[in-house]
Structures are given as C-alpha cells and as structure tokens.
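Each remark here refers to the structure printed beneath this line.
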Amino acid sequence: MEGPSRFWMLLFDRLKMPSAEPVVSQLPAVATAVERLEVQSAFFEQFLIQNVCTTADLGDYFGGVGRCDAFRQRLSDSGRVLRQVNVAADVDSPLAKECHSRLQFPGLSSKDTGTLTVSSFESPSAEDLQLIGGADVLMISVVLPECDSELVERILTAVQSLAATVFPAESEPALLVTAFRGVHCPAPSPLEYGLDEGLLQVPAWYRHSKVAAGRFQTVCGSFDLLPSILGILARGSGEAVAPEHLSAEDVEPGFSGTRQLFAAELLDIVNSDRMLRLKGDGWTGLRTQQYLLVVNAPSEKEEFAAEEPLLQLYLKPDDYWNVNNVIVSYGEIARLMLEASENAEDGAGHSDVDAQG
Numbered sequence: 104m105e106g107p108s109r110f111w112m113l114l115f116d117r118l119k120m121p122s123a124e125p126v127v128s129q130l131p132a133v134a135t136a137v138e139r140l141e142v143q144s145a146f147f148e149q150f151l152i153q154n155v156c157t158t159a160d161l162g163d164y165f166g167g168v169g170r171c172d173a174f175r176q177r178l179s180d181s182g183r184v185l186r187q188v189n190v191a192a193d194v195d196s197p198l199a200k201e202c203h204s205r206l207q208f209p210g211l212s213s214k215d216t217g218t219l220t221v222s223s224f225e226s227p228s229a230e231d232l233q234l235i236g237g238a239d240v241l242m243i244s245v246v247l248p249e250c251d252s253e254l255v256e257r258i259l260t261a262v263q264s265l266a267a268t269v270f271p272a273e274s275e276p277a278l279l280v281t282a283f284r285g286v287h288c289p290a291p292s293p294l295e296y297g298l299d300e301g302l303l304q305v306p307a308w309y310r311h312s313k314v315a316a317g318r319f320q321t322v323c324g325s326f327d328l329l330p331s332i333l334g335i336l337a338r339g340s341g342e343a344v345a346p347e348h349l350s351a352e353d354v355e356p357g358f359s360g361t362r363q364l365f366a367a368e369l370l371d372i373v374n375s376d377r378m379l380r381l382k383g384d385g386w387t388g389l390r391t392q393q394y395l396l397v398v399n400a401p402s403e404k405e406e407f408a409a410e411e412p413l414l415q416l417y418l419k420p421d422d423y424w425n426v427n428n429v430i431v432s433y434g435e436i437a438r439l440m441l442e443a444s445e446n447a448e449d450g451a452g453h454s455d456v457d458a459q460g
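Each residue of the sequence shown is one higher than the one before, starting from 104 at the first, in the numbering used here.
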C-alpha cells in the first residue's frame, strides 16, 4: 500500500502515558488537538525507550550513532532531506539548551537545524517555513517545563496547522508523536517502588490518512523508529519493498534487530515472541509481551552486594509497577530468555530476539 512521501516526528523531551482507555472514541463538536490525535491515530500501548541511561542522548535513543549515520546516508542517497527544529518556551534557558543538546540528531549540519520559541513555532517566519517545508523528514524536538499540558496542546495544534499550511491535504506528512523519556510515576501505597516503568514506557501515536486508528499491543521500541521511517518513505515513493520487509526483523540493511512499524498490514500483529533489549543505569533488561527480565550489575558497595538480587523477573503487562519479582517461580523462563539473548547477540547489543518459553 502506498504511504506518505514525508514524515514528521514530534519528540517531546518527556511525556507520561495516557489513561488505559482512550480520551474519546469519537471527536466532539469542538475537539482539542490531543483528542484529535487520539481518535485519528494508531496508538502503541507497549512502546518502550530502549536506553534510559541518564547520560543517553538522541543517538542512544535510536540505537547508536552508527544507526543515525546510516539513516542520514540512506536519506541522502535517495535525494531526501533531513532537518530538525528545536522548540522550547524559553530557548535561552539552561534547561532548554542542555535538553536540546541531548536531543540533537547526530551529524546534522547547522543549516538543517533551527531553534524556535513556542510562539515562533506557532507563527513561523517565511525563513522558518522554508526550513520546515524543505524537509522530507522533519524532527521536531520540544522541551517542556514539567510536562505542561497546555504547552502540549499548543504544540500539537501548531504542528497540525503547519502541516496544513505548508502542504496540500493529499500530501500532508505522516506524523509520529512520542517522547525521549517517560515521567517518574511512584507506585501507590502500600506497594514498594521497583524499576521505574514510567521512564521506560511512553506514548507513541502514529497518524496518517491511510492507516486506521486504534490501540495496538505490539511490543516495540525506540530502536525500531529509524528503519520504520525508511520503510514508510519507500512505500510513499513507490520503491519496491521486499515481501519479507513486511513481517521479518531487519527491515533495512544495517538495522539489525528492528521490526517494521506503522505499515497498516502489520499494526494488528502482536509479536508475542519478540524480545527487546533495554538498558539503564546499572542494569540491562529483556522485555517480551509477557515478561520483563532485569539483570542488575553487582553493587560496588560490599555491604549491599549480598542484598541486591542480580536477576528480577516481572509479569507483563499486569505488573506495571515492577514490584512482584517472580524469579523464583519462573527461573526457567529467565534462563531461556538469557540463553536466547546470548545466541542472538550481534556484537553491538542491537539485536532483536525471538523469545522462548
């Protein structure tokens, strides 16, 4: 099926997961931008950030600088232009500067990058419109103070208005809305707080006129995004897409361990056998549709070394707070997950894994 010829990715520095149920099932007479996004988009309920280390940047988010370089080169080889616009309420604040430094796409030249206040983004100059309109792939990174819901609404409204202003309705870009990080969500009392799932799991909405809206349980991660964008653009230009690219991993050479997202014929496929690699400060993880296995690095403090379990296993998606470690009862599952991970390792820690058990 033919897809869009342009792709916009709206990346907030952080967003929290919405409610378990859709905000609305149909648009009211006067709808907010969030409501329109909810009703018109495919929503991935199990989209995970695969690198949440405190030092991680946008390159780490996408799976490494090498993948970002390969993405830029692939776009360049096909005559496509990648650009980025950084948006913040106060672009000169230390927080905005620090966040935008981390959210900068690796290797992108200054001529293909712009920085705008929220107000300027809502009413862009002719020069800004030229920067935005000349991009085949546009990354829009947004820094928000305290996940300000009013600013989220303003940014979404501006994105929808910009797309309609710059492009004819039939050629509006596909839109992905997601986040670089989630939001810390302390577990309700009396539960003890475990691994911070709120930072790992973020919303991911994909909107395009040729993709049906709905909520999907496919386990997917941030490493999937760049090759998926390449696949979408290939369809939009009529380039040949091999049949295996619709169902297998490795949808693009050089992007091992990824799965195609967004394609209409794949959205309803639940990859129950898939296993994503995750990484945080002092731990690594393996996530399937049913389990999250956490491998903790041994503590450097001798007094805590014996108290910290090296392996933790949580049942997903039911144990959202990661408080019930079932490693004793499901030890064989953990062993099989580790074995599958070791067998599939590609040497760079990027491989996808067919989970067992």
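All C-beta atoms in this analysis are idealised placements derived from N, C-alpha and C, irrespective of residue type, glycine included.
Quantities reported herein were computed from a predicted structural model and do not represent experimental measurements.
N- and C-terminal bounds of the alpha helix (DSSP H) containing residue i
i	result
Arg380	Segment 377–383 is the beta strand (DSSP E) holding Arg380; no alpha helix (DSSP H) there.
Arg175	168–180
Asn446	434–447
Val221	221–225
Nearest-angstrom beta carbon gap, residue j and residue i [assumed within contact, 8 angstroms]
i	j	result
Asp325	Gln153	It is worth fixing the name first, because residue 325 is Ser in this sequence and not Asp. The pair is a contact, with the Cβ atoms about 5 angstroms apart (cut-off 8 angstroms).
Ala315	Phe110	About 18 angstroms; that fails the 8 angstroms criterion.
Gly383	Val155	5 angstroms
Tyr423	Leu395	About 10 angstroms; that fails the 8 angstroms criterion.
Leu114	Ser244	5 angstroms
Ala136	Glu256	5 angstroms
Leu364	Cys323	6 angstroms
Met112	Met242	5 angstroms
Limits of the unbroken beta strand (DSSP E) element including residue i
i	result
Phe147	145–147
Asn189	185–191
Leu416	414–418
Ala238	Run containing Ala238: none; DSSP gives neither H nor E here.
Phe319	317–319
Leu114	110–115
Leu260	Residue 260 is actually Thr in this sequence, not Leu. It is not in any beta strand (DSSP E) - Thr260 instead sits in the alpha helix (DSSP H) that spans 252–269.
Arg205	Per DSSP, Arg205 belongs to no beta strand (DSSP E); it is in the alpha helix (DSSP H), 197–205.
Gly162	Per DSSP, Gly162 belongs to no beta strand (DSSP E); it is in the alpha helix (DSSP H), 161–164.
Leu389	386–390
Leu303	Careful: Leu303 lies outside any beta strand (DSSP E), inside the alpha helix (DSSP H) at 300–303.
Asn280	Just to set this straight, residue 280 is Val in the shown sequence, not Asn. Element bounds for Val280: 277–282.
Arg310	308–310
Leu395	394–399
Cβ pair residue i, residue j closer than 8 angstroms
i	j	result
Gln149	Thr321	yes
Val188	Asp239	no
Leu265	Arg186	no
Leu151	Leu303	yes
Glu300	Asn399	no
Leu329	Phe165	yes
Val246	Ala199	yes
Leu140	Arg310	yes
Ser274	Ser108	yes
Val269	Leu232	yes
When the options are compared against residue i, the one with the closest alpha-carbon
i	options	result
Ile335	Arg284, Leu279, Glu300	Leu279
Trp308	Arg318, Asn428, Asn399, Ala337	Arg318
Val397	Pro107, Glu138, Gly434, Gln363	Gly434
Glu85	Leu130, Thr157, Arg338	The structure shown has nothing for residue 85, since the chain only spans 104 to 460.
Lys313	Val133, Gln143, Met242	Gln143
Gly385	Asp376, Gln393, Asp180, Leu414	Leu414
Ile258	Gly237, Val286, Glu445, Ser226	Ser226
Asp327	Asp421, Phe174, Ala132	Phe174
Pro420	Ile436, Gln393, Glu445, Asn427	Gln393
Ala447	Thr260, Arg380, Val133, Ile436	Arg380
Ala134	Cys288, Glu230, Thr260, Arg362	Thr260
Val179	Ala145, Asp215, Pro197, Val286	Before going further, note that residue 179 is Ser rather than Val in the sequence given. Closest by alpha carbon: Asp215.
Ala145	Val431, Pro306, Gly217, Ser181	Pro306
Asp172	Leu254, Pro271, Ser212	Ser212
Pro271	His287, Gly236, Cys288	Gly236
The ligand SAM heavy atom lying under 7 angstroms from the CB of residue i
i	result
Ser432	Absent from the structure shown: the ligand SAM. Ligands present: none.
Cβ pair count under 8 angstroms reaching 3, the region 206–218 against the region 151–161: yes
Counting pairs of Cβ atoms below 8 angstroms between the region 114–122 and the region 242–253, do you hit three or more? yes
Between the region 384–399 and the region 422–441, are three or more C-beta pairs nearer than 8 angstroms? yes
Do the region 190–204 and the region 213–221 make contact, defined as three or more Cβ pairs closer than 8 angstroms? yes
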